[in-house]
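A short write-up of the structure that comes next.
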Amino acid sequence: MYEVEEKPFLSGKDLEFIYEGIKQGDRILLGEEYNRIEAQIRLMIRYHWKRGIKEGVKGYLFFGPPGTGKTLTAFFIAYRIGALPNRTFYIDVGNIAAKYFGDPEKRLRRVFLEGKNLGRVIYIFDDAESAFFSRRLAKEAWQYSLVAVMLHEIDKIDTSKEALIMTTNMPELLDPAIKDRLYPVVFIPSLKTLIKYIDWRLEQLGIPEIREEIVEKVKVMYEDVKEDLKNIENNPEILLYDETGDVSRLLREKMPSIRRIEKMIIAKFAMNIIKKEA
Ligand SMILES: Nc1ncnc2c1ncn2[C@@H]1O[C@H](COP(=O)(O)OP(=O)(O)OP(=O)(O)O)[C@@H](O)[C@H]1O
Ligand SMILES: [Mg+2]
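Going by this note's numbering, the sequence shown runs without a break in its numbering and finishes at 282.
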């Protein structure tokens with residue numbers, strides 16, 4: 005069978021657009037809670053690197069509802085630590101499993117092999133649940149062995165020069181042995197941050213006049229999940245170890261995530277332009 009020999013990750017040149025986006029201020033990280041997480045994880049990684057701690061914290065698991073800034077925060081850490089674009093490996097985990105790209109295990113090993121050659125590096129494994137399923141849920145042989153390879157690679161991480169960030173919005177699907185090896189960080193935006201995002205985005209698009217309408221909608225949505233969010237903030241294990249997936253599902257359906265707000269804004273934006281320019 006013909007195999008596409010494409011590298012299983014983005015790095016260097018591929019990541020320049022993200023690097024430039026952050027540098028030019030087109031992408032920003034709003035919210036105290038986000039900047040606190042970013043600083044904490046960055047300081048942890050830097051501490052290991054500076055002091056040459058080889059067997060430290062193997063990696064970080066960013067979990068939380070879809071569209072709450074997990075991927076963005078990972079990129080900000082890479083940027084602020086100085087690893088973006090050239091010493092960051094971005095792995096879309098869904099892609100690693102795509103059969104036509106060749107042997108998934110080999111592809112996964114290749115990521116770490118290249119990383120170890122490079123010196124100080126950050127690996128971002130995005131949407132990890134799309135291939136590192138809990139073995140309880142795995143159906144095919146490669147799914148088992150891919151998790152086994154990942155566990156092995158995590159154990160081999162030299163924390164004095166490598167750092168790993170994994171993201172997932174369905175922690176209930178992720179293999180528990182992987183979860184156990186990583187330091188968990190929950191992502192839940194505050195209402196204040198959501199409103200900050202609305203203001204920033206409307207300013208950027210030049211439509212501040214729709215602010216009140218959007219803010220009102222978001223406040224109502226937030227009120228509906230406020231108690232659940234508070235519980236999860238106080239006790240993130242509710243979400244991390246929820247085998248039923250009910251907590252994820254509830255948040256996925258009801259949470260006014262930043263991505264959902266963005267969609268609301270764009271819908272309004274489109275209508276406004278049509279009105280203005282017609
Ligand atoms: N703190 C923030 N400040 C500014 N923009 C943000 C922030 N968090 C998220 N965003 C924006 O919201 C959108 C969704 O963010 P992102 O893709 O990082 O979410 P995610 O948690 O990785 O979602 P998923 O679980 O679906 O992968 C992006 O457009 C991102 O730029
Ligand atoms: Mg993401």
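All C-beta atoms in this analysis are idealised placements derived from N, C-alpha and C, irrespective of residue type, glycine included.
Fair warning: this is a prediction, and the values are worked out from it, not measured in the lab.
- Residue nearest to residue 192 within the set 219, 51, 231 is 231 (criterion: CA-CA distance).
- Separation of the CB atoms of residue 128 and residue 94 is rounded to 5 Å, and the pair is thereby assigned contact status at 8 Å.
- Exclusion of residue 92 from the 8 Å shell around ligand 2 follows from its C-beta lying no nearer than that to any non-hydrogen atom of the ligand.
- Annotation for residue 74 indicates a beta carbon within 8 Å of some heavy atom of ligand 2.
- In this structure, residue 71 has its beta carbon less than 8 Å from a heavy atom of ligand 1.
- When distances are taken from the beta-carbon of residue 39 to the heavy atoms of ligand 2, even the shortest one reaches 8 Å or more.
- For residue 45, no beta strand (DSSP E) segment is defined; the enclosing uninterrupted segment is the alpha helix (DSSP H) at 36 to 55.
- No Cβ-Cβ contact shorter than 9 Å links residue 269 with residue 195.
- With distances taken between CA atoms, residue 71 lies nearest to 259 out of 271, 275, 259.
- For residue 213, the number of other beta carbons within 10 angstroms of its own is below 16, and it is reported as exposed.
- Per DSSP, the unbroken alpha helix (DSSP H) holding residue 79 starts and ends at 74 to 84.
- Per the coordinates, the alpha-carbon of residue 261 lies some 31 Å from the alpha-carbon of residue 166.
- Nearest to residue 91 by alpha-carbon distance, out of 186, 97, 79, is 79.
- Under the DSSP definition of a beta bridge, residue 166 partners with 125.
- Residue 23 carries a helical assignment under DSSP once its states are collapsed to helix, strand and coil.
- Within its own chain, the residues whose Cβ lies closer than 8 Å to the Cβ of residue 272, once the five positions on either side in sequence are excluded, are 211, 214, 217, 218, listed in chain order.
- By the beta-carbon neighbour count (other beta carbons within 10 angstroms, threshold 16), residue 204 is exposed.
- Just so you know, the alpha carbons of residue 117 and residue 157 end up roughly 10 Å apart.
- Secondary structure of residue 226 (DSSP, three-state): helix.
- Distance from the CA atom of residue 257 to the CA atom of residue 238, rounded to whole angstroms, is 21 Å.
- Here the distance from the Cβ of residue 129 to the nearest heavy atom of ligand 1 is not below 8 Å.
- Pairing residue 243 with residue 189 gives a Cβ-Cβ distance that is not under 9 Å.
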